[in-house]
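In the working numbering, the protein residues as written are 3 to 206.
A virtual CB, placed ideally from N, CA and C, is assigned to each residue, including glycine.
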Amino acid sequence: PVEWFQPYVTWSNTFRAPSISETLLDGTHPASAFEPNFLPNPFLQPEKQRGWEFGFNSRVDGLFKPGDSFRFKGDYYTMDVDNYISASCDAMGIVCSYFNNPGTSKVEGVELEGTYDAGWVFAGLSYSHNNTTLPSQMDGLGLHSYLPGDMTTITAGLRFFDERLTVGARSYIVSDSQKGDVNVSPGEPLFYEGYTTYDLFSNY
Numbered sequence: 003p004v005e006w007f008q009p010y011v012t013w014s015n016t017f018r019a020p021s022i023s024e025t026l027l028d029g030t031h032p033a034s035a036f037e038p039n040f041l042p043n044p045f046l047q048p049e050k051q052r053g054w055e056f057g058f059n060s061r062v063d064g065l066f067k068p069g070d071s072f073r074f075k076g077d078y079y080t081m082d083v084d085n086y087i088s089a090s091c092d093a094m095g096i097v098c099s100y101f102n103n104p105g106t107s108k109v110e111g112v113e114l115e116g117t118y119d120a121g122w123v124f125a126g127l128s129y130s131h132n133n134t135t136l137p138s139q140m141d142g143l144g145l146h147s148y149l150p151g152d153m154t155t156i157t158a159g160l161r162f163f164d165e166r167l168t169v170g171a172r173s174y175i176v177s178d179s180q181k182g183d184v185n186v187s188p189g190e191p192l193f194y195e196g197y198t199t200y201d202l203f204s205n206y
């Protein structure tokens with residue numbers, strides 16, 4: 003509608019085929035009598051996802067001075083997932099397999115990202131919030147049941163010597179995240195604690 007504001011709407015219908023490990027994983031962890039025994043499931047169906055994304059892009063050049071640039075993007079997404087693939091064990095925790103969850107799971111969230119660059123100085127901020135009804139799954143093989151609910155990245159820096167030297171810092175802030183009830187013993191907390199990391203970077 004105006005030069006600096008571009009709204010958009012996206013509808014998508016996608017699928018994810020089962021991975022080789024989800025379909026054919028077999029056996030137990032070496033040298034352990036207490037690990038669950040995985041059985042292959044060659045009849046897994048693909049995950050199917052349908053949903054909408056509503057958002058906008060914003061672009062302004064010369065916001066405070068000639069040559070600088072400001073960019074901002076925001077969106078809201080909502081997706082329905084059928085045949086969600088997760089791992090599960092029997093009541094004794096001895097025999098496990100990957101399977102398709104019945105019903106429809108929902109994934110929705112908000113993403114925001116803004117950057118400003120004036121040559122000698124730059125800064126950026128990104129934030130995402132997600133909510134899901136995906137079922138918890140057994141942690142393992144490097145997997146984790148849920149994403150953290152909130153994730154924020156803050157970046158800022160300076161450029162020197164005709165912008166040939168860049169020095170900056172970055173902070174990555176993560177909220178608590180669910181462990182998934184199938185991974186929690188009685189009396190244990192249901193959430194992993196959030197954390198924050200700080201990075202320094204430079205290039206010439």
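Next on the checklist: With H, G and I counted as helix, E and B as strand and the rest as coil, what does DSSP make of L136?
Outcome noted: coil
Checklist entry - Quick one: Cα of V4 to Cα of V62, how far? => result 11 Å
Next on the checklist: Just to confirm the assignment, what range does the alpha helix (DSSP H) spanning S23 have?
Outcome noted: First-last of the alpha helix (DSSP H) with S23: I22 to L26.
Checklist entry - Which residue or residues does DSSP assign as beta-bridge partners of V169? => result Answer by DSSP bridge pairing, in chain order: L160 and S204.
Checklist entry - Within 10 angstroms of its Cβ, does N85 collect 16 or more other Cβ (buried), or is it exposed? => result buried
Checklist entry - Does the separation of the CB atoms of V97 and P44 fall below 8 Å? => result no
Item to check | Start and end residues, beta strand (DSSP E) containing D77 | outcome: S71 to D84
Checklist entry - For G121, does the count of other Cβ atoms within 10 angstroms reach 16, so buried, or fall short, so exposed? => result exposed
Checklist entry - Hey, how far is the Cα of S99 from the Cα of S138? => result When the Cα atoms are used, S99 and S138 turn out to be separated by approximately 14 Å.
Checklist entry - Applying the criterion that 16 or more other CB atoms from any shown protein chain within 10 Å of the CB defines a buried residue, is F40 buried or exposed? => result buried
Checklist entry - How should L46 be labelled, buried or exposed, when 16 other C-beta atoms within 10 angstroms of its C-beta is the threshold for buried? => result buried
Checklist entry - Are the region 63-71 and the region 8-22 touching by the rule of at least three beta carbon pairs closer than 8 Å? => result no
Checklist entry - Thinking C-beta only, is M153 closer than 8 Å to V176? => result yes
Checklist entry - Just checking my contact of A158 with A125 at CB under 8 Å: how many whole Å lie between their CB atoms? => result About 4 Å separates the CB atoms of A158 and A125; that is less than 8 Å, so the two are in contact.
Item to check | 8 Å contact criterion, which R172 and D201 should meet: CB distance rounded | outcome: 4 Å
Checklist entry - Residue ranges of each beta strand (DSSP E) run of no fewer than 3 residues wholly in the region 34-65, ordered along the chain? => result 49-63
Item to check | 6 Å Cβ shell around S147 - same chain, five flanking residues per side excluded | outcome: If we look at S147 and ignore the five residues flanking it on each side, its Cβ neighbours are S138, Q139 and G182.
Next on the checklist: Need the endpoints of the beta strand (DSSP E) that E113 sits in, please.
Outcome noted: T106 to D119
Checklist entry - By Cβ distance below 6 Å, which residues in the same chain neighbour R52 in space, the five residues on each side in sequence not counted? => result N15 and D82
Checklist entry - Once you ignore the five residues that flank I156 on each side, which residues in its own chain have a CB closer than 6 Å to its CB? => result L127 and S173
Checklist entry - Does the beta-carbon distance from S179 to P150 come in below 8 Å? => result In contact: S179 and P150 (Cβ atoms closer than 8 Å).
Next on the checklist: Using 8 Å for Cβ pairs, my map puts V109 next to H131. What's the rounded Cβ distance?
Outcome noted: Their Cβ separation, rounded to whole angstroms, is 12 Å, which puts V109 and H131 out of contact at 8 Å.
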